[in-house]
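Heads up: the structure comes next, in structure tokens.
Numbering (my numbering), first residue to last: 82 to 460.
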């Protein structure tokens with residue numbers, strides 16, 4: 082029965098009760114009115130809650146939460162409470178690109194994880210800031226199959242990005258653990274692995290898994306021939322007693338991991354990657370510690386983006402001023418220091434009149450020759 086029909090029936094019963102003078106008849110009419118009145122209240126509440134949930138889903142979209150006071154902000158685990166155990170607070174995930182600790186590009190995201198910010202941030206850099214450099218350098222928080230594939234295929238750049246298990250795979254304990262499938266012997270002709278008990282783990286089937294964002298991973302599933310009466314079963318698998326050990330292999334992901342390991346072990350690219358920690362991390366450290374910028378004073382993504390722009394501008398100007406003071410002190414050792422410094426000063430103000438960014442001005446009077454730029458997320 083539709084809501085309008087229930088409402089009409091209740092209205093008719095109310096009218097009959099008002100016009101009826103017999104006490105027993107009024108009691109019967111009120112009893113008859115209870116059921117449609119209860120149904121009307123339930124349906125009305127259901128429609129209200131449904132509309133409320135639809136409106137909430139439209140606000141947070143692909144997120145798991147949002148702040149009622151700032152719909153663009155997402156609840157994230159912060160590390161700023163006095164017990165140092167983290168608290169869930171509304172915030173933004175700030176991404177920056179740096180060179181020589183200068184912030185060259187930035188963007189605010191409502192996504193709390195770094196995996197899904199890499200590709201849109203690189204698109205923003207290409208569209209609004211500058212051409213991407215030859216090497217895209219970032220920490221393990223960005224190391225995913227989707228990001229590697231996009232950087233190599235779509236952006237045609239070289240990723241110097243570790244993955245989450247990179248450090249663990251370099252340890253002696255990991256390499257000598259016989260129960261890790263990466264350490265198993267592989268027979269390419271038979272397409273089989275040999276488990277620690279020398280039993281064959283044969284190819285079973287192909288599998289395609291799609292995450293909630295639509296990215297597909299193509300896997301090869303392998304299953305042990307038989308795990309019954311295996312002396313090391315308890316150490317090898319947690320599967321039920323009637324199930325065999327099953328492993329999965331992602332050829333695309335294994336290729337990317339091998340490619341990244343090769344790059345990081347190379348002298349040139351390895352040096353570039355090691356530069357990341359002393360390039361992007363101090364930018365956030367100076368912003369929080371020296372400029373005391375730890376909270377936004379406005380709400381909404383557009384407004385906090387503007388506030389971030391002023392903060393990063395102040396950070397760059399502060400560093401430029403420090404660099405200019407260092408240059409002046411160094412030039413005082415030269416007999417032509419006065420003239421050289423005046424020339425640099427003229428170039429500086431000339432570029433300001435021409436309207437070029439300050440970061441380009443800085444190229445004229447300090448060493449700024451490296452072409453690698455670094456990506457990082459807020460701590």
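Cβ atoms here follow ideal geometry from the backbone N, Cα and C, with glycine treated the same way.
Being a predicted model, the structure only gives us computed values, none of them experimental.
Beta-ladder partner(s) of residue i, from DSSP
i           : result
residue 172 : 155
residue 255 : For residue 255, which the question treats as bridged, DSSP gives no partner whatsoever.
residue 329 : 302
residue 268 : 273
residue 180 : 183
residue 297 : 291
residue 190 : 174
Buried versus exposed call for residue i [16 or more other C-beta atoms within 10 Å across all chains shown]
i           : result
residue 351 : exposed
residue 229 : buried
residue 83  : exposed
residue 358 : exposed
residue 445 : Interpretation of residue 445 is limited by its pLDDT of 32, a score under 50 that renders its predicted location unreliable; no figure is taken from the coordinates.
residue 387 : exposed
residue 96  : exposed
residue 374 : buried
residue 294 : exposed
residue 198 : buried
residue 108 : exposed
residue 134 : exposed
residue 243 : buried
residue 167 : exposed
residue 179 : buried
residue 184 : buried
residue 169 : exposed
residue 274 : buried
residue 269 : exposed
residue 176 : buried
residue 391 : exposed
residue 257 : exposed
residue 104 : exposed
residue 157 : buried
residue 203 : buried
residue 250 : exposed
residue 332 : exposed
residue 364 : buried
residue 313 : exposed
residue 354 : buried
residue 206 : buried
residue 128 : exposed
Expected contact under 8 Å - CB spacing of residue i and residue j to nearest Å
i           : j           : result
residue 306 : residue 280 : 6 Å
residue 235 : residue 337 : At roughly 14 Å, the Cβ-Cβ gap does not stay under 8 Å, so residue 235 and residue 337 are not in contact.
residue 174 : residue 193 : 6 Å
residue 389 : residue 189 : 6 Å
residue 324 : residue 300 : Not a contact, Cβ separation roughly 18 Å.
residue 221 : residue 239 : In fact, because the Cβ distance is near 17 Å, the residues do not count as touching under 8 Å.
residue 139 : residue 171 : Not quite, the Cβ-Cβ distance comes to about 18 Å (not below 8 Å), so this is no contact.
residue 326 : residue 282 : 7 Å
residue 463 : residue 210 : No information on residue 463 is available, as it lies outside the stretch 82 to 460 that the chain covers here.
residue 479 : residue 121 : This structure does not reach residue 479, given that the chain is present from 82 up to 460, and the question cannot be answered.
residue 284 : residue 272 : 5 Å
residue 278 : residue 311 : 5 Å
residue 191 : residue 155 : 5 Å
residue 322 : residue 302 : Between residue 302 and residue 322 the Cβ distance is about 20 Å, and since that is not below 8 Å, they are no contact.
Host alpha helix (DSSP H) of residue i (start-end)
i           : result
residue 238 : First-last for residue 238: undefined, no H or E at that position.
residue 336 : 332 to 346
residue 95  : 84 to 100
residue 365 : 362 to 366
residue 115 : 104 to 141
residue 372 : Premise fails: residue 372 is in no alpha helix (DSSP H) and is neither H nor E.
residue 314 : 314 to 317
residue 160 : No alpha helix (DSSP H) contains residue 160, which DSSP labels as neither H nor E.
residue 356 : Counting along the chain, residue 356 falls outside any alpha helix (DSSP H), and DSSP gives it neither H nor E.
residue 249 : 247 to 250
Start-to-end residues for the beta strand (DSSP E) that takes in residue i
i           : result
residue 377 : Element bounds for residue 377: n/a, residue is neither H nor E.
residue 287 : 281 to 291
Cβ of residue i within 9 Å of any chain C Cβ
i           : result
residue 306 : This model lacks chain C altogether, as it is built from one protein chain only.
Any non-hydrogen atom of the ligand ZN within 8 Å of residue i CB
i           : result
residue 325 : The model depicted lacks the ligand ZN and carries no ligand whatsoever.
Going along the chain, which unbroken runs of the beta strand (DSSP E) with 3 or more residues stay wholly within the stretch 192 to 242?
216 to 219, 239 to 242
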